[in-house]
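For reference, the structure discussed in these notes is given below.
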Amino acid sequence: MRGLMASVYGSALGVLLPRGCAGCDRPDDVLCDDCCILFGRTLARPVPGTTTGLCYGCGEYEGAVRRAILSWKDHGDEECDGRFAGLFADLACRGDVARPGERVALVPAPSSAASMRTRGRWHMRDLAARTARLLSARGIDATCLPVLRSARLSSKSVETTSAAQRAERIRNSIVVVDAMACRRRELIIIDDIMTTGSTLRRCVAELNDAGGTVRAALTLGHVPERAASRLDGNAENLLAARE
Ligand SMILES: [Zn+2]
18 MRGLMASVYG
28 SALGVLLPRG
38 CAGCDRPDDV
48 LCDDCCILFG
58 RTLARPVPGT
68 TTGLCYGCGE
78 YEGAVRRAIL
88 SWKDHGDEEC
98 DGRFAGLFAD
108 LACRGDVARP
118 GERVALVPAP
128 SSAASMRTRG
138 RWHMRDLAAR
148 TARLLSARGI
158 DATCLPVLRS
168 ARLSSKSVET
178 TSAAQRAERI
188 RNSIVVVDAM
198 ACRRRELIII
208 DDIMTTGSTL
218 RRCVAELNDA
228 GGTVRAALTL
238 GHVPERAASR
248 LDGNAENLLA
258 ARE
């Protein structure tokens, strides 16, 4: 409801006041050119269990990138959907994760029921569906396959929870609801932020167990490793991140 109200309020306000860039507040733009450049990188971190072994990121999760993602995700700035879908489509092509003529399914990372209530939607599903349409327009047979669910994941922010606690909470909370739909499919996981990678690793494991082949993961922002490592008490993650 709060998400819905934020959206309604945001739309009503937009009629009265010109909006500013989600990243830097520059007037009259959803995401200005300077901020788009910050999202135009091809960051890569290891994610075991995928055929490329990688999670690609559009930018470092700091400064304007962080502000834009938080504005979109937690403050109902749904106008960013179009820009972010375009960034994901560009990243998929730059990373050579999908080529014209290929058939792939984009699997959005799950949200908890609590955070979906707060936001009024499953933000990653909407973004994956939009990204799939953009990839289809580029000749890639892409669809959105929203098969992952999170039952008990707390909506606490990543900054306030230790990685060890977070990993433990996630351990048994991500499930595939339609294994048949995953079998022998080429899959790409779509998520907003990669912190230590524990959520992504769990998603990959569940999709592999369901018979899918996960090519890679894509995120809008990678939390810089120095910040992620502070959150992470697990030496294994540190080693994996440096490989
Ligand atoms: Zn900007």
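For any residue, its number in this note's numbering is found by taking its place in the sequence shown, counting from 1, and adding 17. Built from N, CA and C at the ideal position, the CB exists for glycine as well.
Quiz item: How many Å lie between Ile86 and Ile207 at the Cα?
Solution: Taking the straight line joining both Cα atoms gives about 14 Å.
Exercise. Please classify Arg232: is it buried, with 16 or more other beta-carbons within 10 angstroms of its beta-carbon, or exposed?
Key: So Arg232 counts as buried.
Quiz item: Is Pro127 buried or exposed, if buried means 16 or more other CB atoms sit within 10 Å of its CB?
Solution: It is buried - the Cβ of Pro127 has at least 16 other Cβ atoms within 10 Å.
Exercise. Could you tell me the boundaries of the beta strand (DSSP E) in which Leu224 lies?
Key: From DSSP, Leu224 is part of no beta strand (DSSP E) but of the alpha helix (DSSP H) over Ser215 to Asp226.
Quiz prompt | Ranges of the beta strand (DSSP E) found wholly within the segment 60-146, counting only runs of at least 3 | solution = Every unbroken stretch of the beta strand (DSSP E) spanning 3 or more residues and falling wholly within the segment 60-146 is given here in chain order: 60-63, 71-77 and 120-125.
Quiz item: When the distance is taken between beta carbons, is Thr59 closer than 8 Å to Tyr73?
Solution: Yes. Within cutoff.
Practice problem: On the DSSP bridge assignment, give the partners of Pro44 in chain order. | Solution: In the DSSP secondary-structure assignment, Pro44 is bridged to Gly37.
Exercise. Let me have the residue list for ligand 1: C-beta closer than 6 Å to any non-hydrogen atom, ordered along the chain.
Key: Spelled out in chain order, the answer is Cys38, Gly40, Cys41, Arg43, Cys49, Asp51, Cys52 and Ala81.
Quiz prompt | Exposed unless 16 or more other CB atoms sit within 10 angstroms - verdict on Pro125 | solution = Looking at its Cβ environment, which holds 16 or more other Cβ atoms inside 10 Å, Pro125 is buried.
Quiz item: So is Pro163 buried or exposed if we call it buried at 16+ other beta carbons inside 10 Å?
Solution: The residue is buried, with at least 16 neighbouring Cβ atoms inside 10 Å.
Quiz item: Is Ile54 helix, strand or coil by DSSP?
Solution: DSSP places Ile54 in helix when its eight states are reduced to three.
Quiz item: Does DSSP put Ala168 in a helix, in a strand, or in coil?
Solution: Here Ala168 carries a coil assignment [DSSP, helix/strand/coil].
Exercise. Run the CB neighbour count on Val194, radius 10 Å, all protein chains shown included, and call it buried at 16 or more, exposed below.
Key: Classification for Val194: exposed.
Quiz prompt | Outcome for Ile54 when other beta-carbon atoms lying within 10 angstroms are tallied against a minimum of 16 | solution = The residue in question, Ile54, is exposed, as its Cβ has fewer than 16 Cβ neighbours within 10 Å.
Practice problem: Can you say whether Ser215 is buried or exposed, counting buried as having 16 or more other CB atoms within 10 angstroms of its CB? | Solution: Counting other Cβ atoms within 10 Å of its Cβ, Ser215 reaches 16 or more and is therefore classed as buried.
Self-check item: Rounded distance between the beta-carbons of Ala109 and Ala115, thought under 8 Å
Solution: That pair is a contact at about 5 Å.
Practice problem: Express the C-alpha separation of Gly37 and Leu48 in angstroms, rounding to a whole number. | Solution: So the alpha carbons of these two residues sit roughly 8 Å apart.
Practice problem: Taking only the alpha-carbon atoms, compute the straight-line gap between Arg147 and Ile210 and give it to the nearest angstrom. | Solution: Arg147 and Ile210: Cα-Cα distance of roughly 18 Å.
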